[in-house]
Amino acid sequence: MNPFDVKRITVIGAGQMGHQIAMLCALGGYQTTLQDINEEALQHAKDNLERLMSDWVRKVKINEQAIEKAFSLLSFTDQLEEATKDADLVIEAIVEVLEAKQELFKKLDEMTPPHAILATNSSTIMNSLIAKVTNRPDKVCNMHFFFPPLVMDSLEVVMSEKTSEETKDIAMAVSKQIGRTAVLLRKEISGFVANRILGAIHREAAYLYEEGIADFKDIDLIIRKSLGHKLGPFQLIDMSGADVVYSAMQHQYQQSGDERDKPPVCIKEKVDKGELGRKTKIGFYDYREVPVK
């Protein structure tokens, strides 16, 4: 299979990442299916995409004809086999838990055509750990999008020792077709490039906060003003979800065994309290009344 043979893409998982990745694929001209076992999640995804695209039209980011065409290419289903039986490329965007991804990839290996490429959107898990449960490790790679996918331009394409050049070429070509700048990693490392650097920033910011050296709001402020970041580390944790950040850091810690990679206490406390950030209306910041600037 070459890049031009990719016609049908299936995205598994209608959460924060998955539904926007699916929209990107449809906007790129691919026949796209978004699958999730939860019908409410699918309806929420559809409603959110309609709202986002209406907002884009209002802001003249895109015209109505392009939106209509994209939605005509996008379908929603809770049936995994139906969603994947004709797929050329599957992008998995489910919970960041290795065992869950392995279980899904076993099914995908059985349900998808032999030529289909299976990509994981995992932000930390090396694809070789997932590919080993399939009979096609040469057709498995990471396509790690950044949140929110409809806004963030870049993504990381990660090869394992068994990922083929053909798979890499197709992943890179699809990334270009959907308007994203792909960075290629030819060797695996837990956390890849961006999240390893981001994790170091998060750990240092948490250390400064936990030691009482500076308030988290002031840490965010200095990072934005002096380093030019759009969001400070604590704002970014709130946007991504403290649970997501904690899970990613915990996975890296389990992989490395390095105490320096252990998730900070202040992030674990937020997870334990259920104060996960924007999605729960409270995290490090309180979103219930006044928007955070």
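Sequential numbering from 485 applies to the sequence shown in our numbering. Virtual Cβ for every residue (Gly too), placed ideally from N, Cα, C. For clarity, every value in this text was computed on a predicted model and none was experimentally measured.
Could you give the C-beta distance for threonine 568 and threonine 494, rounded to a whole number, given that I count them as a contact under 8 Å? 5 Å
Nearest-angstrom Cα distance between methionine 485 and proline 621? 15 Å
Residue(s) in a DSSP beta bridge with leucine 634: According to DSSP, leucine 634 bridges with nothing at all.
Is the distance from the Cβ of aspartate 722 to the Cβ of phenylalanine 768 below 8 Å? yes
Which of the three DSSP states is assigned to phenylalanine 629 in this structure? strand
Count the other C-beta atoms from every protein chain shown that fall within 10 angstroms of the C-beta of glycine 502, then say buried if there are 16 or more, exposed otherwise. buried
What would DSSP say about aspartate 770, mapped onto helix, strand or coil? strand
Among the residues of its own chain, which have a CB less than 7 Å from the CB of methionine 537, if the five just before and after it don't count? Ile551
For glycine 512, the nearest candidate out of Gln661, Asn547, Glu649 (CA to CA): Gln661
If you draw a straight line from the C-alpha of methionine 627 to the C-alpha of threonine 604, how long is it? 6 Å
Check whether the Cβ atoms of serine 638 and arginine 680 lie closer than 8 Å to each other. no
Less than 8 Å between the beta carbons of isoleucine 546 and phenylalanine 629, yes or no? no
Considering isoleucine 662, what are the terminal residues of the beta strand (DSSP E) in which it resides? Unbroken run through isoleucine 662: none, as it is neither H nor E.
Would you list the residues sitting across from phenylalanine 560 in a DSSP beta bridge? Leu518
Alanine 684 burial status per 10 Å Cβ neighbour count (16 or more: buried): exposed
Where leucine 588 and valine 658 are concerned, what is the direct C-alpha to C-alpha distance, given to the nearest angstrom? 22 Å
CB contact check: glutamate 650 to chain D, cutoff 8 Å: Among the chains in the structure shown there is no chain D, since it carries only a single protein chain.
Measure the C-alpha to C-alpha separation of glutamate 672 and cysteine 625 and round it to an integer number of angstroms. 10 Å
Reference lysine 585, options Thr651, Lys530, Leu573, Ile496, closest by Cα: Ile496
Taking the C-alpha atoms as reference points, what is the distance between valine 641 and serine 731? 21 Å
Alpha-carbon to alpha-carbon, valine 755 and alanine 690: 14 Å
Round the Cβ separation of aspartate 704 and glycine 716 to the nearest angstrom and send it over; I've been treating them as touching at under 8 Å. 2 Å
Assign methionine 541 to one of three DSSP states: helix, strand, or coil. Checking the sequence shown, residue 541 turns out to be valine, not methionine. Looking at valine 541 - three-state DSSP - the assignment turns out to be helix.
Locate the beta strand (DSSP E) running through arginine 670, then write down its first and last residues. Neither: arginine 670 is in no beta strand (DSSP E) and is coded neither H nor E.
Cα-Cα separation between valine 477 and alanine 698, rounded to whole angstroms: As shown, the chain starts at 485 and ends at 777. That puts residue 477 outside it, with no answer to give.
Tell me, to the nearest whole angstrom, how far the beta carbon of glycine 725 is from that of lysine 763; I am working on the premise that it is less than 8 Å. 6 Å
Could you tell me the alpha carbon to alpha carbon distance between glutamate 773 and glutamate 759, rounded to whole angstroms? 15 Å
Tell me which residue opens and which closes the beta strand (DSSP E) that valine 677 is part of. Looking at the DSSP string, valine 677 is not in any beta strand (DSSP E), and its letter there is neither H nor E.
CA-CA distance, glutamate 583 and glutamine 736? 15 Å
Start-end ranges of the beta strand (DSSP E) lying completely within the region 552-598, minimum 3 residues: 558-561, 573-576
Using DSSP with H/G/I as helix, E/B as strand and the rest coil, what is isoleucine 493? strand
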